[in-house]
Every structure is written in C-alpha cells, then in structure tokens.
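What follows is a short report on a single structure.
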Amino acid sequence: MQTRPFSYLFCIQYLGLRYHGWQVQKGVKTVQGTLERSIRYVLGHEDFNVLGASRTDSGVSCLNGAFALFLRQPLEIPPFIRNVNDILPTDIRLSDGRTVARDFNIIQDVIEKQYGYYFASGEKPHPFLAGNLAFGGEELDIAAMQRAASLFVGEHDFRRFCSHGKNTGDFIRQIDIAKICPAGAELPWLSGKGVWVFRVNGKGFLMHQVRRMMASLLLLGRGELSVDDLKQALLSKDKSPLGPKAPANGLVLENIVFDLDAFSASQDSSTHR
Numbered sequence: 001m002q003t004r005p006f007s008y009l010f011c012i013q014y015l016g017l018r019y020h021g022w023q024v025q026k027g028v029k030t031v032q033g034t035l036e037r038s039i040r041y042v043l044g045h046e047d048f049n050v051l052g053a054s055r056t057d058s059g060v061s062c063l064n065g066a067f068a069l070f071l072r073q074p075l076e077i078p079p080f081i082r083n084v085n086d087i088l089p090t091d092i093r094l095s096d097g098r099t100v101a102r103d104f105n106i107i108q109d110v111i112e113k114q115y116g117y118y119f120a121s122g123e124k125p126h127p128f129l130a131g132n133l134a135f136g137g138e139e140l141d142i143a144a145m146q147r148a149a150s151l152f153v154g155e156h157d158f159r160r161f162c163s164h165g166k167n168t169g170d171f172i173r174q175i176d177i178a179k180i181c182p183a184g185a186e187l188p189w190l191s192g193k194g195v196w197v198f199r200v201n202g203k204g205f206l207m208h209q210v211r212r213m214m215a216s217l218l219l220l221g222r223g224e225l226s227v228d229d230l231k232q233a234l235l236s237k238d239k240s241p242l243g244p245k246a247p248a249n250g251l252v253l254e255n256i257v258f259d260l261d262a263f264s265a266s267q268d269s270s271t272h273r
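Note that full-length UniProt numbering numbers the sequence shown so that position 200 is 200, with each residue one more than the last.
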C-alpha cells in the first residue's frame, strides 16, 4: 500500500544560472532544494515526496520540465500553484499541474525529451544573455555543422558522446531529431542574427550527452574535427570522449512529453492553473 497515495504532475520552469543543478545536494543551492522548501512552507509539513523527470546539470535551464508530487492528503491545484509561486524566487516558476494515476512513473512514462542548445556565432553576445546563450566562436561553418548534426539521428552507440557515470552500461540511445537552425520564438530574447539552436529530441539521454554532441559540432564548425571523425566515433567502442562538454549555460530542457492522456509538459490547461 502506498504511504502517499495522492499523485500530482507539475510543470516547472527555471533559469539554471544560479543553481547547482536540479537534484538536492548538501551545502549548495539546487532547484529541487529550493522547490521543496517552498512546498514545505505552503503545506506546513514535510510529509511529501518530490521526484523530477530530469536531473539537469548545474547552470542548465528549463523551459517546460516536470516533477511528481506525492502526498497523503489531496490538494487544490490552482491555489497550490499560486502559493508556491509566491514563495519561489523569480527564476523558478510552476506553470501548470494535474492529478495522475497512482501507477504513474515520471521516468518510465516519458515518451520524449526535447532539448535546445543555444549558441552565438560571430560577434560575442551581450553579457546579459549569458544565462541562456553560449558563445561558439567568431568563425563557425554553420552549414557544415547542420549537415553533421543529422549523423546523430537514429539509434547509435553514444559512448564517446557522454560522461561515464558509475551506472552507465548501455550506451545505445535513439535520437529522433538532431538539427541546427536559427533561434526563434521559443526564447524570443535570444532570436536574431548569429544566434542558433541545436535541437535534440529523444526518449532518454546519457550523462552530458547533448553537451558533448554540441561540443563535437562546434569543433567541427571550427575545422578541428571532420565529418568522418564523428562517423567513426559513433561506431567506436572506445570510451574516451571525442571532445569536451559544451558550456552548461547554453542548454535548455525545452519540453517533456508523457504517455498519459496526451498530456505534455508544455500543454496549457486552464482547468489546472
């Protein structure tokens, strides 16, 4: 029998610049830790559990992420969202919520995660944009990077495009979309000449996978790697990373799609606001 039988799914947005990632860590400020303190204040107790759909790294931002909240007693979603948002700092916000079935699994019920890596080419961008924008360099062959990005689409062994944590054993991942295009309306303050986004969609990702994929494309755009280098890395059984990690500040978790009632973390629902 579940000790906290009331289950909820909430959508969350945050700017990761001031946080050491999502997951609670002792002695440092994290998104989950800040969120749990706000929930504790609103509920007036600690008898709840929060599980995130994605453990973003330090400095990574989130446009439409999600977390599950488990409680012993039911709650009214709209006032809960308003009250928690009143307590949260301005760089974290709950945007939506709904009840979910008791057997909902916030990890296993993910259909797709959608990431965007935002970077500038040419003139170095204004410092005020540093929270969401990496600088790729003055001279990038964007056309070559666009062609190379398509190599990641499909099922591949990404052992050379990830960081090797203790639990990494299966390096096979399916990538549905991998493309570079001009930054658009998703983050309108970043749109403009010389600002690009590397879009990557898939069901699941390895540690630092998107950032290492991005770094390899940046190296290719500078002429330091070739298309053949990327092709060979996808076939290699060598565990040494092909290149470094791209800076965290350019990465945004843009959406998470779940397998329940056609609900998406980006879906608006006035019923639950």
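For glycine and all other residues, C-beta sits at the position ideal for the given N, C-alpha and C. As the structure is a computational prediction, the values presented were derived from the model and not from experiment.
Legend entry - Whole-number beta carbon distance between V110 and A53, since they are thought to touch under 8 Å: Yes, A53 and V110 are in contact; Cβ-Cβ is about 6 Å, under 8 Å.
Legend entry - Q114 (DSSP reduced to helix, strand or coil): In this structure, Q114 counts as strand in the three-state DSSP scheme.
Legend entry - Proximal residues to Q267 (C-beta, below 6 Å), its chain only, five neighbours per side dropped: Confidence is the limiting factor: at Q267 the pLDDT is only 43, short of 50, which leaves the residue's position unreliable and the question unanswerable from this model.
Inset, instruction - Grab me the residues of I172's own chain with a C-beta within less than 8 Å of its C-beta, minus the 5 sequence neighbours each way, in chain order. - result: Counting only Cβ-Cβ distances below 8 Å, and skipping sequence neighbours, we find E155, H156, D157, F158.
Legend entry - Where G250 sits in the DSSP three-state scheme: Correct three-state label for G250: helix.
Legend entry - Cβ pair I92, L9 closer than 8 Å: No, they are not a contact pair.
Inset, instruction - Determine the burial state of V28: buried for a count of at least 16 other Cβ atoms within 10 Å of its Cβ, exposed for fewer. - result: Per the 10 Å Cβ criterion, exposed.
Legend entry - For V60, the nearest candidate out of I107, Q174, I180, G16 (CA to CA): Comparing Cα positions, the closest option is G16.
Legend entry - W196 versus Y118: straight-line alpha-carbon distance, rounded: Y118 has its alpha-carbon roughly 6 Å from the corresponding atom of W196.
Legend entry - N-terminal and C-terminal residue of the beta strand (DSSP E) that F80 is part of: For F80, there is no enclosing beta strand (DSSP E); the residue is part of the alpha helix (DSSP H) that begins and ends at 77-87.
Inset, instruction - Confirm, please, whether the CB-CB distance from L94 to R4 is below 8 Å. - result: No, the pair does not count as a contact, with Cβ atoms beyond the cut-off.
Legend entry - Candidates C11, F6, G33, S7, of which the one nearest R18 by Cα: Of the candidates C11, F6, G33, S7, the one whose C-alpha sits nearest the C-alpha of R18 is G33.
Legend entry - Residue of A143, L220, R212 minimising C-alpha distance to I182: Note on identity: in this sequence residue 182 is Pro, with Ile being the wrong assignment. Among A143, L220, R212, the Cα nearest to that of P182 is on A143.
Inset, instruction - On a CA-only basis, which of L190, K193, S163, A149 is nearest K175? Give me that one, please. - result: Reading the sequence as shown, one finds Ile at residue 175 and not Lys. Checked all of L190, K193, S163, A149; the closest Cα to I175 is A149.
Legend entry - Whole beta strand (DSSP E) elements within the UniProt domain "Pseudouridine synthase I TruA alpha/beta" (148-259), 3-residue minimum: List check, beta strand (DSSP E) in window: 154-157, 172-182, 195-202, 251-258.
Legend entry - Neighbour-count burial assignment, residue 278, 16 or more Cβ in a 10 Å radius: A query on residue 278 cannot be resolved here, the shown segment of the chain reaching from 1 to 273 and no further.
Inset, instruction - Return the chain-ordered list of same chain residues with a C-beta closer than 6 Å to the C-beta of G243, the five sequence neighbours on each side being excluded. - result: Same-chain partners within the cutoff: A215, S216, L219.
Inset, instruction - Pick helix, strand or coil for Q32, following the three-state DSSP scheme. - result: Three-state DSSP puts Q32 in a helix.
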